[in-house]
Structure formats: structure tokens, C-alpha cells
Amino acid sequence: MNVVVVESPAKAKTINKYLGSGYTVLASFGHVRDLPAKDGSVLPDEDFAMLWEVDAASNKRLKDISDALKGAKSLILATDPDREGEAISWHVLEVLRKKKNLLGDMPVKRVVFNAITKKSVLDAMDNPREIDMPLVDAYLARRALDYLVGFNLSPVLWRKLPGARSAGRVQSVALRLVCDRESEIERFLKEEYWNISADLKTPRGDVFTARLSGHDGKKLTKMSVTDGDTAAGLRAMLEGASFAADSVEAKPMRRNPSPPFTTSTLQQAASSKLGFNASRTMQVAQKLYEGIDIGGETVGLITYMRTDGVQMAPEAIDAARAAIADRFGARYVPEKPRIYVTKAKNAQEAHEAIRPTGFDRVPEDIRRYLDADQLKLYDLIWKRATASQMASAEIERTTAEITARNGDKTASLRATGSVIRFDGFIAAYTDAKEDGEQPDGDDDEDGRLPEIIAREALAREKINATQHFTEPPPRFSEATLIKKMEELGIGRPSTYASTLATLRDREYIIIDKRKLIPEAKGRLVTAFLENFFERYVEFDFTADLEEKLDKISAGELAWKDVLREFWTQFHAHIDDTKELRVTAVLDALNEQLAPLVFPTREDGSNPRICPTCGTGNLSLKLGKYGAFVGCSNYPDCSFTRQLSSDGAEGDAALSNEPQELGMDPVSGEPVTLRSGRFGPYVQRGEGKEAKRASLPKGWEVASIDFEKALSLLALPREVGTHPESGKMISAGIGRYGPFLLHDGGYANLESVDEVFTVGLNRAVTVIAEKVAKGPGRGRGTPAALKDLGEHPDGGPITVRDGKYGPYVNWGKVNATLPKDLDPTSVTVEKAMELIIAKGGAAKKGKPAKAKTAARKPAAKPKASAKPKTASASAKPKAAAKTAKPKTAARKPAKAASAGKD
């Protein structure tokens, strides 16, 4: 018997079928040990020794593996083909080697496969290798760096900037990108410009539009006409002009397909085309990779989804070309296979691109086996991979140069258009425009020109002069932020999803209409780091460190040398901040964040003068719950104002004095806008019976008028009676955003604005879509946010969102998640820890035995243990007394937030 260790139970079942009865395939459930989330887990003074800890759930997994190894022929480590997968194999082997007389001379092999198909798995078994230690070293270096930054920098934030949650090596730089963009928007000054165009008619009666490109021999650009008077003069000149076509030129163009998806490009495409956030994309891709039941057989539908590579294996290219010829015809197959080269700044993974495991599995043919999200993502992957090996699209672009003459004045106009002569790879897309594969050059906007003959006269139909204003740079979306981070070489594509989730969980950013908006808390943290830890949020410094980590992976640098270089300077900088006074921090933040802290007043008065006493100066103050604006004359003047990320409100709107908006037409009570401990809100009436409603995220205080206040106070709003159930559907805004409520079940709405506008037909559709996603998604059991796999005693482990917040579910056991733990980042190990603490570790979920399991605490390192190397693990020490499961389960979660990106 040969023992094979993989990461997830889903993969274990599938791979066991492929290998047969001579193999026992067991799951490690991810990492089997980790650094305890407390100070002292990485010891720089002891050559960066790292004290690893195995939790109770992992101990059970390791015991199962150990029991299976007794009498086995070999151990085969088959975890994922990336740095984390290599590290998991290394951890498993390190723990097993410490067990006396277990492995002995037993052969230990490491195998990797890029797809969970029978051929890929069997080929991997025929080509084993040793554990890639440079890849493990890179993992150790990253883990140590993230720990040292988090557990040393976060406490500085807690002391000097109350209300701040954490800082991280990659997290803080990503936050800086979002905050810098917001600052650009605040500083932006709009400029006026005018577009001049003419609607012209050919002698054959066809009308087209030409844009003004020159006047009196001078070339005009987009910003050449900047005022209405100049625009009116040009319009008047064209109104009396005659027009003639000087030249008409048609140029053939070729548009090549994009390479297959990498992790980051898949996340970007799924965000822009499907509306998936990065976490959702990776969850769905994981399921497609691990396998879907296709007609009674579980098959991995895509290759491994954590990759920087853009190339496909030769056999996959051959399969793609054969599928293209069969489906589209021989003309769509290029003469030679297309070869792509990775352009990412820090690419280092030697994996294939993300592609279908079988190009003959066309999305529509397997539609019935996939849920809605799986089908959408698989369709995206199949089309992109197929198109990447297809012939170029052939496009004819036509440019007509036109002259307008009015007396001795002349002007030049240009009309452009294009037509696809051969669609090529575009044929792979059912909607080429939606999938972003149209040739560059605004072909869709220009459209197709009618027949225009050189030197023929053209008739004037209409002259257009339209006013425009330049717009500030757009806020980042998840897709554009990931693209920017990849361009700068910051972080790794496989970690982008967790980085963005951390920023949301820390309440450093919010996502409104798919745009990332920094919260006031996030901007304070960024400003603090830019002023006092500038080096560690510099883009070049972070990218350079990533490059060194990649060199460790390639075996070109020693990982401890990189740690020593970083730690020497970083530790000295941390020590320097001990003398940093809070007043110095506030002075720096007041200056850097002036547009946010002291927004311009409508009357033009000094925004730093207190509006209540008229003599005090306003300044940032730090309180128990974070920063706020207060008067320097305190306690004589008690003016305070909540610090808000919208930055557009006037002082009166957020002062201690209510701002009256009007009288309620029904009750006759005053409706006011106020500021409270938890931010701005509207109120109707006075006293305990007054109705209150908080302003939804994304709503600016300055935009709140009487009508909006009344609509907020009227929530929840009755939409109408459901045509099937006969029960009322209502719309409202809750803890988790806008929602519909029907028959005790909730369905999310896309935006806050939809709460006030959604009609009955749309509401019924949203509710039906929610119910169609699976059992329990209408009424009763809440929808599963994340599927973690099978419990060792049977039954799925899932993360769900309930009335009282997110929780882990296994059978009848529900374990509430700690408040600072992101539901989408919960690991199997953490879920098992919470389930055990709740009393759910025994066979069939019997609580009696579960309590016994909960009394076995995870092995803890001895206080005196001094590992010789950074890979050393503390020896387990049996606990003499019963541990308290709930405390054990919660302590690491709270501390861990400081040390992870």
C-alpha cells in the first residue's frame, strides 16, 4: 500500500479513483501547522528560528496519515504545484520525521500535477522528484517577513493612532494605491473643452460624421478649443463652408488574440465582465480545478488556477488547434502554434496558463452539470484559451480626410470607420464587444463608413459643437487595482484576493458600485505610514523585496540573508518611533489630509476655525474609537465632528447642532440631519420615540435633502405582493447592505439606490435567482459562503452567514466566527478548531466525545526551546490540565490579524 497526501478531501476522493486499490489517498486539509499568532513566534535574535504549532484538528489529520503509513511501501506528497503546496508537503514531512520509527527507510516522493485528470495524475506518479527546497525557503522568508512586519508595525499603529487595526507588508502598499488615487481626485481641477463635428452627406445620400481636426493650417487636439466663444466661431465658419473629400485611405489591420488567463488576468476579467470579486473568482475556480461530477465521473475541468504562466503545454496546444479546426474550420487555425511570453514584472511560477483540461468540453455541452457561477467562469476560461490559438482577425480601417472652405478660411475634418473582413479569433466569443476582444482604436464607436470617393463634394447636414469637461482619474476597481499591483510587482497574484479582503475587513476601504473608496480610517493609516514609515510603503522598495523573494525561489539568494538585511533597518526604524509624540503625528496628518479633515466651506471662511466658538482652531483628535475633529478650546468649547471619508460636507452638517431639513407631511414632526457616535444619520421627531436612519455607505452628507431623508425614514419599503406566495416583498438596508425580504428569506440587491426604485417584477426575479442557487437559499438555512470540504467523520463543512453573523456549519454544529475573521478566508484548520470547541469532533457529531477531543489542546512550544534552525519546530508538551476550548479557539484569530496580509 502507498500513502498519498493531498490538500483537500474533494481531490482525495477523485485521485483515489484514478490510482486504484494499491493507494490510500488522505487530505491534509491545507497547512498542518502554522506560526502561533502571538509575539515570539519568529526569533530574529536566534537566527530567525520559527516556532511552529500544530492545532488539534491538524493533529487528527496527521494521526490518520501516521496510522496509514504503518506497513506502507512509500509516502507520496501530492499537494498543489505552487509555493504553498510545496510548503505543505515540507511541513507534513517535517512532522512525520519527528515521529520515532515511523518513516525509517521508507521512500518519500514529491509529485505535482497541473490538472486533476487521470492522465495528469498518472503521469505525475511516473515522474516523482524531491521537495523543492528553494521554493520552501521562499515560503519561509515570506511568512517570516509578513509576521515581523505585522507584529512589530501594528502595535505602533495601536499606540500612536488609536482605532487603526493593522498594517502589513503588501496590504499597506495596496491601501496606499487606493488612497493616492483619492488624493488625485481631490486635487483635480476640471477643464472645459469643446468637440466640433459635422454631419455630412455623400452624393449617394449616405450620412456620416467627421470631426474637426485642424483650422487655418493648425492641428487641433482634444483640448485645443477651451471656451464657448471659440467653439461658436468655428461652428459659424463651418455653417457657411463647402465640403469636399481630399483623400480616402483604407488600411488592412490584424488583431491578435490575448494569451490564456493567468491568476491576475482571470481575476480582472471576472471582475469586469461577471462582476465577481477576487475571492469569489478563486473559490469558483478552485471547484472547477478540483473536479465536477460529469455524468457520474468527477473530472477537473481547468488546470491549476494559481499561476503566472501564459503558455500552454504542447499537447494542450495540439488539442486546442484540433478543436478549433473542428468547430470553426481550417481557416481559423494559424499556420504555426502561438507562443506567449510572460510580461508580469515578478513572474516566477513555472506553470501553465489557466485552460480547460479538455477543449472538447464546450461550455454549452456541460451546462447541466455546472451551477450559474461555475458556468460563467468556465465559459470565460474556455473562450480565452481557445481564442489564444486562433487566427488573427482581419480588419479594414478607413480614414477620410475632408476640407471645409469658407472664403479664405479653411478647416480639416477626419472621419474614421472600420469593418471586420475576417473575424478570426473573435469567432470564439458569442459577444466580442462584451469580452473586450474588439481591435483597439474605437472600431465600435466609429462604426462603418459609407462609400466616400476622393475629391467628391459633400453636403452639410448639421454642425455640432458640444461642451465637455475633463474628468478626474477613476477610482480603482478590484480589477484595475490588481492590474496596477501586478504592473508594479507588488505582492503575488495568488494573494491579491486575501489582500483585498483584509482591506475590507479592517474597514480601510469600502466598495461602492464596484469602486474602491478609502475610508477615513484607511487614509489616516496611509498618511501615518507615509510620514513615519515611508520606506516600507514605497512601491519600488516593495517590488524590490518581491524580486529578492523570487530569487530565493530560484535558488539565487539565501533566505536568511534577505531577512537579516530587512530586519536590521526595519527594527531600528521601529525603535525610533518610541520617541514619537502623538502631537507630532497629528500635526503631520492635519497637513497631509487637509482636504479630508478641513473641507472647503461654502462661505469661503477659514475651514480650520471652529464654527461654534469662532476662536479655536480645529484639529484631528484621537479617541477610543478612532480619530475625530475637535476644537483647541476644549473643554470650554465642546465642538466635535465625525471624520468622514466623503470629505464634501460642510461643518454645519456634521456639527453637534441638528440641521433641520423640513417638516414631515404626515406626522408634522421635524426631520433633521445629525451626527452621532457612529456617523451621520437622519431623524424624525424628538426623544426616545423618534425614528432614526443612518446614512448608507457612499451617500455624502452634502447630498442629503428633505426628500432623501424621508425615503430613508420610510424604510423598509413595501414593494408589492409576490404573485405566487401572496406574501409581501419589502426592501430595506441592513447590516450587510441592501436587501429584499420575502416569507422570512433575504435576497441581496446590487445597490442602495435600488432599494428605493426596485419594482415587483425585478424583485420577484431577484428572489427567484436567490432560491435557484441551491437548497436553503430562500428560507431556512442561510446560503453557504464557502465550501471547505468533507469533515473526517462525514458531512460537508461550510461557512454561512446567519442572522447573528457568519459561522461555520457541520451537520447540526454551528460555530460563530470571531468578529475580526473574514468569512471568505476561513481555512479548514480554523473551521475544525471552532467545531471542536463547540463540541462537534466525534463520530456522527456526538457531543460527548467531542468534548473529550476539545480537551486535547494543540501542542505548544516549550518556553525554553531554542531551535537550531528556522525550520525547527517546538516539541509538543502534553497539557496537564483541561484547556478551555472557546478561549483557545478565539485567541489566535484576534492576534493573527496583525501578522498577515
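Going by my numbering, 675 is the number at position 675 of the sequence shown; the sequence numbering is gapless. Beta carbons are placed, not taken as given, at the ideal position from N, Cα and C, and that holds for glycine. Note that the structure is predicted; figures quoted are calculated from it, not measured.
{"Query": "Inter-stretch contact at 8 Å, needing at least 3 Cβ pairs: the region 77-86 / the region 312-324", "Result": "no"}
{"Query": "Residue closest to Q311, alpha-carbon to alpha-carbon, out of E478, L274 and R384", "Result": "R384"}
{"Query": "Spatial distance of K167 from F532 (CA atoms)", "Result": "For the record, residue 167 in the displayed sequence is Ala; it is not Lys. Straight-line Cα distance between these residues: approximately 13 Å."}
{"Query": "Any 3 or more C-beta pairs closer than 8 Å across the region 146-159 and the region 38-48", "Result": "yes"}
{"Query": "Rounded separation between S28 and G489 - CA only", "Result": "32 Å"}
{"Query": "Cβ distance (whole Å) where S825 is taken to contact S498 below 8 Å", "Result": "6 Å"}
{"Query": "Local conformation of D131 per DSSP, three classes", "Result": "At residue 131 the sequence reads Ile, which differs from the Asp that was named. Note: I131 maps to coil in three-state DSSP."}
{"Query": "Contact check, K190 vs T470, beta carbons under 8 Å", "Result": "yes"}
{"Query": "Whole-angstrom distance between L712 and T495, CA atom to CA atom", "Result": "38 Å"}
{"Query": "Extent of the continuous alpha helix (DSSP H) run through Y496", "Result": "Y496 to D505"}
{"Query": "Alpha helix (DSSP H) segment containing N114, residue limits", "Result": "That residue, N114, is in no alpha helix (DSSP H); it is neither H nor E in DSSP."}
{"Query": "Contacting residues, own chain, Cβ-Cβ under 6 Å from A731 (five flanking each side not counted)", "Result": "R717, V719, L740, V755 and V758"}
{"Query": "Whether E352 touches T307 by CB criterion (8 Å)", "Result": "yes"}
{"Query": "Rounded straight-line distance, which links the Cα of L749 to that of E519", "Result": "22 Å"}
{"Query": "For I510 and Q683, the rounded distance between their alpha carbons", "Result": "25 Å"}
{"Query": "Proximity below 8 Å, CB of G685 to CB of E669", "Result": "yes"}
{"Query": "Assumed close pair V284, D373 - CB separation to whole angstroms, cut-off 8 Å", "Result": "5 Å"}
{"Query": "V525 and L157 closer than 8 Å at C-beta", "Result": "yes"}
{"Query": "Inter-stretch contact (C-beta, 8 Å, three-pair minimum) for the region 190-207 and the region 219-234", "Result": "yes"}
{"Query": "Ordered list of beta strand (DSSP E) runs contained in the region 721-803, each at least 3 residues", "Result": "728-734, 737-742, 745-748, 784-790 and 796-802"}
{"Query": "N-terminal and C-terminal residue of the alpha helix (DSSP H) that P595 is part of", "Result": "A594 to V597"}
{"Query": "As assigned by DSSP and simplified to three states, the class of C613", "Result": "coil"}
{"Query": "Neighbourhood of K201 by C-beta, 6 Å cutoff - its chain only, sequence neighbours within 5 removed", "Result": "V207, A459 and E461"}
{"Query": "Range of the contiguous alpha helix (DSSP H) that encloses S279", "Result": "A278 to E290"}
{"Query": "Beta-carbon proximity of S477 to S271, cut-off 8 Å", "Result": "yes"}
{"Query": "Start-end ranges of the alpha helix (DSSP H) lying completely within the region 453-523, minimum 4 residues", "Result": "478-488 and 496-505"}
{"Query": "Secondary structure, alpha helix (DSSP H): runs of 4+ residues fully inside the region 310-343", "Result": "314-328"}
{"Query": "C-alpha distance - P363 paired with W382, whole-angstrom precision", "Result": "7 Å"}
{"Query": "Three-state secondary structure (DSSP) of S258", "Result": "coil"}
{"Query": "Spatially closest choice to D137 from L643, W559, V6 and H91, by CA coordinates", "Result": "W559"}
{"Query": "Helix, strand or coil at H91 according to DSSP, with G and I counted as helix", "Result": "helix"}
{"Query": "Backbone secondary structure at V704 - three-state DSSP", "Result": "Here the sequence assigns Ile to residue 704, which means Val is not the residue at that position. Residue state, collapsed to three classes: coil."}
{"Query": "Boundaries of the beta strand (DSSP E) in which I420 is found, first to last residue", "Result": "K409 to F422"}
{"Query": "Beta-carbon spacing of P696, I729 below 8 Å", "Result": "no"}
{"Query": "Test item: CB-CB of Q642 and P680 under 8 Å", "Result": "yes"}
{"Query": "Nearest candidate by alpha-carbon position, reference V32, set T827, G839, T612 and I836", "Result": "T827"}
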